[in-house]
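A short worksheet on the structure shown next.
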Amino acid sequence: MTSIDVRDLTKEYGGRRAVDRLTFGVRPGHVTGFLGPNGAGKSTTMRLVLGLDRPTSGTATIGGRAYTELRDPLRRVGALLDAGAAHGSRSARDHLRALAVSNRIPAHRVDTVLERTGLAAVARRRVRTFSLGMRQRLGIAAALLGDPEVVLLDEPANGLDPEGIVWIRTLLRDLAAQGRAVLVSSHLMNETAAFADHLVIVGRGRLLADAPVREFIHARLRPRVRIRTTDPAALGGLLTRHGHDASQDADGTWTVRHARVDDIGRLVARAGVPVLELTAQEATLEEAYLDLTAAEAEFTAQPQEA
Amino acid sequence: MPFAPVLHAEWIKIRTLRPLVGSLAAVLVATVAFSALASADAEETDPLYSVFFGVSFGQIAAIAFGTTAVASEFRGGALRLTLAAVPDRRRWFAAKATAVALPVLATGLGTGLVTLLVGKAVLGDSGPNWTEGLRGAVGCGVHLTLMALFAAGLTAVLRSGVATLSVLIPFLLIVSFVIGDMSSGVADLLPDRAGQVVLHSAHDGALGPWSGLAVAALWSAAALSAGAWSLCRRDA
Numbered sequence: 368m369t370s371i372d373v374r375d376l377t378k379e380y381g382g383r384r385a386v387d388r389l390t391f392g393v394r395p396g397h398v399t400g401f402l403g404p405n406g407a408g409k410s411t412t413m414r415l416v417l418g419l420d421r422p423t424s425g426t427a428t429i430g431g432r433a434y435t436e437l438r439d440p441l442r443r444v445g446a447l448l449d450a451g452a453a454h455g456s457r458s459a460r461d462h463l464r465a466l467a468v469s470n471r472i473p474a475h476r477v478d479t480v481l482e483r484t485g486l487a488a489v490a491r492r493r494v495r496t497f498s499l500g501m502r503q504r505l506g507i508a509a510a511l512l513g514d515p516e517v518v519l520l521d522e523p524a525n526g527l528d529p530e531g532i533v534w535i536r537t538l539l540r541d542l543a544a545q546g547r548a549v550l551v552s553s554h555l556m557n558e559t560a561a562f563a564d565h566l567v568i569v570g571r572g573r574l575l576a577d578a579p580v581r582e583f584i585h586a587r588l589r590p591r592v593r594i595r596t597t598d599p600a601a602l603g604g605l606l607t608r609h610g611h612d613a614s615q616d617a618d619g620t621w622t623v624r625h626a627r628v629d630d631i632g633r634l635v636a637r638a639g640v641p642v643l644e645l646t647a648q649e650a651t652l653e654e655a656y657l658d659l660t661a662a663e664a665e666f667t668a669q670p671q672e673a
Numbered sequence: 122m123p124f125a126p127v128l129h130a131e132w133i134k135i136r137t138l139r140p141l142v143g144s145l146a147a148v149l150v151a152t153v154a155f156s157a158l159a160s161a162d163a164e165e166t167d168p169l170y171s172v173f174f175g176v177s178f179g180q181i182a183a184i185a186f187g188t189t190a191v192a193s194e195f196r197g198g199a200l201r202l203t204l205a206a207v208p209d210r211r212r213w214f215a216a217k218a219t220a221v222a223l224p225v226l227a228t229g230l231g232t233g234l235v236t237l238l239v240g241k242a243v244l245g246d247s248g249p250n251w252t253e254g255l256r257g258a259v260g261c262g263v264h265l266t267l268m269a270l271f272a273a274g275l276t277a278v279l280r281s282g283v284a285t286l287s288v289l290i291p292f293l294l295i296v297s298f299v300i301g302d303m304s305s306g307v308a309d310l311l312p313d314r315a316g317q318v319v320l321h322s323a324h325d326g327a328l329g330p331w332s333g334l335a336v337a338a339l340w341s342a343a344a345l346s347a348g349a350w351s352l353c354r355r356d357a
């Protein structure tokens, strides 16, 4: 079982810190979502893990070793960084063949990954004729080529059509279910929530959160209850009397914050208020993320210099 | 990592790019065609150079080949994927240079022989003798290879094919045809001038045929070392 370990990783470009003492781990058997706004240092971190950029300080290791020390690295680690990495004048098949040969990966893997990414029919076409979504699939095919235990994908859903997005979601969950360590960067919250079970969130190069998805959401935001009644006045009075933070929406339904359906349901039943609808509302990852970044902005806000 | 799989991969990359195969064909066609024209014209007084006159044009195709082969790595993040597959950058660059050199050498030697045969057929008795002619053919192959490697090294430093060609092509055209004709001395030590001494029957400068190629080889080695150094030092 191989995992990625990032420890105190720092990268400076001309005095600006792109990655700032970042420490986190990516465990096998999980899809770890790597979240943060554009420019937060996600891609830089991935390049540092792959030994493409040299860290200013700190380490990134895979199974305890630096990436550059791995023998036939594509058999251990697969990565998608840029969808444009394949030369436009080369066929998808030749692109993968050259990669496979360099790491002594058996030739049949080329066909296997072309099948798996749905590119088998266009394998002999030149990459120039591919749509962005197809290039993205080719990049994923290259990442899966060596049947690696560790997979790093930088914004893999970019350019994919709706069908492709469903496909990648399933693919990522399958890879984790097979016991691989999967790190997927994204700036799309709800998309990440659909496939990740662990989160690493960065902002301006720093670690903001490292937690399982459910835990992260629940720690930041309590659940809410949505309730609809024929007697809004009675319901409003009841909720206020019991100290609930409730408000009425434009369509007449009420939202009760920081409450559970079990409590609200019993309360309205005892009071005899007629109920038409009672729903538990989970907070979304997006809401939890925005709550986090709002808190972070407040925490890190510096006095403006004139 | 062993060298052979990396070299094999680089060879696949070269032969699956049509522009590269095209520029190899251009080495042959340009050299033979311009040499044949020069031989027929017979204005050139040096018997060997009148046979190999076209190398000045063929070398532009060889430079285009070396440049394009390396420049294809510096676009769209291709180098990151390459170096993720082969993290040992020196080894990778050595494989790339070998994969550039071997096909140019093979094409260059073939081109030299064809050019010699065509030249001897056109010139008849006024052409060079076989010993001199074969020296020219081998020199043609080696010179073209060294020019391709020089361009490959420079491309790795400049990280762009357009930048490399816009330095090298004017340099060759201006230095070779303008400055080179006027003065000898320092200009004789420039890579393409030094490498082409082997294509002349008479050589009045400091360099002979083989020492000329050695000077050209030093230029190529310097360019390749600079390219390797730049590759190892910089972030991909």
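Chain order of the listed sequences is D and G. Add 367 to a position in the first sequence, counting from 1, and you land on the number used in my numbering. Add 121 to a position in the second sequence, counting from 1, and you land on the number used in my numbering. Every residue, glycine too, gets a C-beta built ideally from N, C-alpha and C.
Is the CB-CB distance between residue i and residue j below 8 angstroms?
i	j	result
Asp167(G)	His264(G)	no
Asn470(D)	Arg442(D)	yes
Gly274(G)	Ser193(G)	no
Ala427(D)	Gly572(D)	no
Gly425(D)	Thr377(D)	yes
Pro208(G)	Gly430(D)	no
Pro395(D)	Glu582(D)	no
Phe271(G)	Ala344(G)	yes
Val153(G)	Val259(G)	no
Leu539(D)	Thr596(D)	no
Val592(D)	Ala647(D)	yes
Ala465(D)	Ala474(D)	no
Val489(D)	Leu512(D)	no
Glu654(D)	Leu588(D)	yes
Ala613(D)	Val640(D)	no
Please list, in chain order, the chain D residues whose beta carbon lies closer than 7 angstroms to that of residue i.
i	result
Lys134(G)	Ala465
His129(G)	Val468
Val296(G)	Result: empty, since nearest Cβ-Cβ is about 32 angstroms, beyond 7 angstroms.
Thr189(G)	Chain D residues near Thr189(G): none, gap ~10 angstroms exceeds 7 angstroms.
Can you pull the chain D residues whose beta carbon is under 9 angstroms from the beta carbon of residue i, in chain order?
i	result
Leu223(G)	Result: empty, since nearest Cβ-Cβ is about 16 angstroms, beyond 9 angstroms.
Val283(G)	Those do not exist, as Val283(G) stays about 16 angstroms from chain D at its closest Cβ, beyond 9 angstroms.
Ala199(G)	Asp449, Gly451, Ala452, Ala453 and His454
By the criterion of Cβ-Cβ separation under 9 angstroms, what are the contact partners of residue i in chain G?
i	result
Leu499(D)	Under the 9 angstroms cutoff, chain G gives no residues; its nearest Cβ is about 12 angstroms from Leu499(D).
Pro440(D)	Met122, Ala205, Ala206, Val207 and Pro208
Asp630(D)	None at all; the shortest Cβ gap to chain G is about 53 angstroms.
Asp658(D)	Result: empty, since nearest Cβ-Cβ is about 35 angstroms, beyond 9 angstroms.
Asp577(D)	By Cβ distance, chain G contributes nothing, its closest Cβ being about 25 angstroms from Asp577(D), past 9 angstroms.
Would you give the residue range spanned by the alpha helix (DSSP H) that residue i belongs to?
i	result
Asp478(D)	His475 to Arg483
Val443(D)	In the sequence as displayed, the identity of residue 443(D) is Arg instead of Val. No alpha helix (DSSP H) holds Arg443(D); DSSP gives it neither H nor E.
Ile184(G)	Val176 to Ala192
Arg314(G)	Pro312 to Gly316
Gly257(G)	Trp251 to Leu279
For the beta strand (DSSP E) that residue i lies in, which residues bound it at each end?
i	result
Arg388(D)	Arg383 to Val393
Gly400(D)	Val398 to Leu402
Ala342(G)	Where Ala342(G) is concerned, there is no enclosing beta strand (DSSP E), although the alpha helix (DSSP H) it sits in stretches over Pro330 to Arg354.
Ser614(D)	Asp612 to Gln615
Thr622(D)	Trp621 to Arg624
Cβ closer than 8 angstroms: which chain G residues qualify as neighbours of residue i?
i	result
Arg581(D)	Near Arg581(D) there are no residues of chain G at all, since even the closest Cβ is about 33 angstroms away, more than 8 angstroms.
Ala509(D)	Leu202
Asp372(D)	Under the 8 angstroms cutoff, chain G gives no residues; its nearest Cβ is about 18 angstroms from Asp372(D).
Which partner residues of residue i appear in the DSSP bridge assignment?
i	result
Tyr380(D)	Arg383(D)
Glu644(D)	Arg595(D)
Gly570(D)	Arg573(D)
Ser144(G)	Answer by DSSP bridge pairing: none, since Ser144(G) is not bridged.
Arg551(D)	What sits at residue 551(D) in the sequence shown is Val, not Arg. Gly400(D) and Leu520(D).
Leu447(D)	Leu520(D)
Asp372(D)	Gly392(D) and Thr428(D)
Ser458(D)	Arg493(D)
Could you name the residues of chain D that residue i contacts, counting a contact when the two beta carbons are closer than 8 angstroms?
i	result
Ser193(G)	His454
Arg139(G)	Ser456
Ala357(G)	Arg414, Leu419 and Asp420
Just to make sure I have the definition right: I need the residues of chain G whose C-beta is within less than 7 angstroms of the C-beta of residue i. Which are they?
i	result
Gly418(D)	Pro208
Thr435(D)	Pro208
Arg471(D)	Pro126
Ala446(D)	Ala205
Asp478(D)	Per Cβ cutoff of 7 angstroms: no residues; Asp478(D) is ~16 angstroms from chain G at best.
Got a sec: does the ligand MG put a non-hydrogen atom nearer than 7 angstroms to the Cβ of residue i?
i	result
Val640(D)	This structure simply doesn't include the ligand MG, nor any ligand for that matter.
Quiz item: Using 8 angstroms as the Cβ pair cut-off and three pairs as the minimum, do the segment 238-254 of chain G and the segment 132-147 of chain G touch?
Solution: no
Quiz item: Would you call the segment 445-453 of chain D and the segment 194-212 of chain G in contact, with 3 or more CB pairs under 8 angstroms?
Solution: yes
Quiz item: Per the contact definition of three or more C-beta pairs closer than 8 angstroms, is the segment 387-403 of chain D in contact with the segment 555-565 of chain D?
Solution: yes
Quiz item: Is there contact here, the segment 485-503 of chain D with the segment 169-185 of chain G, by at least three beta-carbon pairs under 8 angstroms?
Solution: no
Self-check item: Segment contact flag, the segment 281-288 of chain G with the segment 226-239 of chain G, C-beta cutoff 8 angstroms, min 3 pairs
Solution: no
Quiz item: Any chance the segment 540-556 of chain D sits against the segment 512-528 of chain D, with 3 or more Cβ pairs inside 8 angstroms?
Solution: yes
Exercise. Check whether the segment 215-223 of chain G touches the segment 328-336 of chain G, counting contact only when three or more Cβ pairs, one atom from each stretch, lie closer than 8 angstroms.
Key: no
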